[in-house]
Amino acid sequence: MKFFEDIQVGETSAIGRHTFTAENIKAFAARFDPQPFHLDEGAAARSHFGALCASGWHTACVWMRLLIDYRRREDDERRARGEAVGQLGPSPGFRDLQWLKPVYVGDIISYGTEVLETRVLNSRPGWGLIFVRNTGVNQHGELVISFISSAFVERRGGGAVTS
Amino acid sequence: MPRLHWEDFSSGQITDCGSRLVTREEIVGFAAEYDPQPMHLDEQAARATLLGGLVASGWHSCCILMRMLSDSILGQASFMGAPGVEEVKWLAPVRPGERIKARATVLETRPSRSRPDMGFVKFRFELTDASDKPLMSLIVSPMFARRSADAVQGGDQAGR
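Top to bottom, those sequences are chains A and B. Heads up, the first sequence is in my numbering, so the first residue is 1 and it goes up one at a time. Heads up, the second sequence is in my numbering, so the first residue is 1001 and it goes up one at a time.
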């Protein structure tokens, strides 16, 4: 992870893509979101979705995994260049999550991020808070998921004032 | 036919959605699959993080809540999914061995403007620990079929 000071508003990243299969759609739904339209092709065909589709939580959790993998690749490159790596802290939450289109079997979702805001918090010295818009787009170019997440990011030198 | 339809929800209703133990195994298992960060995977590494110990991924808490709601309120209702989530706050970490409780509060109900056969119910869902300390809150407006929709279609959802 970059240090908080090195993160610029407007920065975008393509973090990766994922193909949703019937098997992993059903397996996720059976554990966490057992609705007929996520579990069974026949029931899904009769529902307002028209075909088996992924739980929206599944679409969001895949974003999380791809983001962590992306950050890990970036950190490895930084270490290889001899640069210091910042720590990613916890998240206070997210907002404005929209599931705009169903994610159907075989859909390939490409995920991206854009930094919206960076905020220094007097209450948490050593850490800054970032707000990021996250999106997933299917193979037809349609936006399927969008939300604004927040997370604490380590400040360089523990947030000491340098000027 | 489901027992609860859009008409059965009204503002101010509070429903207890049960309780559940969260184990270390499931915290680590979920994290290995969807959120492989040190604070969710390994006690030793988690001690060095801001939260000071192993905690569940916030997305895992969302998924556990979804399952608790499916097994209680949504499972008996004409639930049609949700277009999104207004807000999720991760207020305090969920730690291994914690017994968590879920609660649903109806904030408002409104019919769909474009779809007379369904309506929206805005909820605040909360996860708390056994002593009612808030761990997570989530505001969401899921869709439910109206009772009249089942009556007209005789439970056959074709043509929706």
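Cβ coordinates follow ideal geometry from the N, Cα and C atoms, glycine included.
Proximity test, Cβ basis, 8 Å: residue i and chain A
i: B/SER1131; result: no
i: B/GLU1087; result: yes
i: B/GLN1037; result: yes
i: B/GLY1029; result: no
i: B/ARG1067; result: yes
i: B/CYS1017; result: no
i: B/PHE1009; result: no
i: B/MET1080; result: yes
i: B/PRO1116; result: no
CB contact below 8 Å: residue i versus chain B
i: A/MET1; result: no
i: A/GLY10; result: no
i: A/PHE131; result: no
i: A/GLN139; result: no
i: A/ALA51; result: no
i: A/ASP107; result: no
i: A/PRO34; result: yes
i: A/LEU48; result: Contrary to the premise, residue 48 of chain A reads as His rather than Leu in this sequence. With 8 Å as the cut-off, A/HIS48 counts as an interface residue toward chain B.
i: A/GLY89; result: yes
Backbone secondary structure at residue i - three-state DSSP
i: A/ASN138; result: coil
i: A/GLU74; result: helix
i: B/ARG1124; result: strand
i: B/MET1136; result: strand
i: A/PHE131; result: strand
i: A/ASP69; result: helix
i: A/VAL62; result: helix
i: A/HIS18; result: strand
i: A/GLY82; result: coil
i: B/MET1039; result: helix
i: A/ASP178; result: Residue 178 of chain A falls outside the range modelled here, since chain A spans only 1 to 163, and no answer is possible.
i: B/LEU1050; result: coil
i: B/ARG1147; result: helix
i: B/GLY1119; result: strand
Cβ-based neighbour list, residue i, same chain, cut-off 6 Å, excluding 5 preceding and 5 following
i: A/ALA44; result: PHE37, ALA51, LEU52
i: B/PHE1009; result: VAL1106, THR1109, VAL1121
i: B/SER1011; result: VAL1106, GLU1108
i: B/GLU1087; result: ILE1139
i: B/ALA1092; result: LEU1135
i: A/SER13; result: THR113
i: A/PHE4; result: GLY128, VAL153, ARG155
i: B/SER1141; result: PHE1120, LYS1122
i: B/HIS1165; result: An answer regarding residue 1165 of chain B cannot be provided, because it is not within the stretch 1001 to 1160 covered by chain B.
7 Å Cβ shell around residue i - same chain, five flanking residues per side excluded
i: B/PRO1111; result: GLY1119
i: A/LYS2; result: GLY86
i: A/GLY16; result: LEU66, ASP69, TYR70, TYR111
i: B/ASP1016; result: ARG1103
i: B/ALA1158; result: Summary for B/ALA1158: the model assigns pLDDT 38, below 50, so the residue's position carries little reliability; its value from the coordinates is reported in the next sentence. Around B/ALA1158: no qualifying Cβ.
i: B/ILE1073; result: THR1015, CYS1017, ALA1104
Extent of the continuous alpha helix (DSSP H) to which residue i belongs
i: B/GLU1026; result: 1024-1034
i: B/PRO1111; result: Looking at the DSSP string, B/PRO1111 is not in any alpha helix (DSSP H); the run it does join, the beta strand (DSSP E), is 1098-1111.
i: A/ILE25; result: 22-32
Exposed unless 16 or more other CB atoms sit within 10 angstroms - verdict on residue i
i: B/ARG1003; result: exposed
i: A/MET64; result: buried
i: A/SER47; result: buried
i: B/ALA1031; result: buried
i: A/LEU143; result: exposed
i: B/ASP1132; result: exposed
i: B/MET1039; result: buried
i: A/GLU41; result: exposed
i: A/ASN122; result: exposed
i: A/GLY56; result: buried
i: A/ASP96; result: exposed
Limits of the beta strand (DSSP E) - the one that residue i falls within
i: B/ARG1067; result: Counting along the chain, B/ARG1067 falls outside any beta strand (DSSP E), though it belongs to the alpha helix (DSSP H) covering 1058-1071.
i: B/ARG1047; result: Here B/ARG1047 belongs to no beta strand (DSSP E); instead the alpha helix (DSSP H) covers 1043-1047.
i: A/LEU97; result: 93-99
i: B/TRP1006; result: Element bounds for B/TRP1006: n/a, residue is neither H nor E.
8 Å CB neighbourhood of residue i in its chain, flanking five on each side removed
i: B/MET1080; result: MET1118, PRO1142, MET1143, PHE1144, ALA1145
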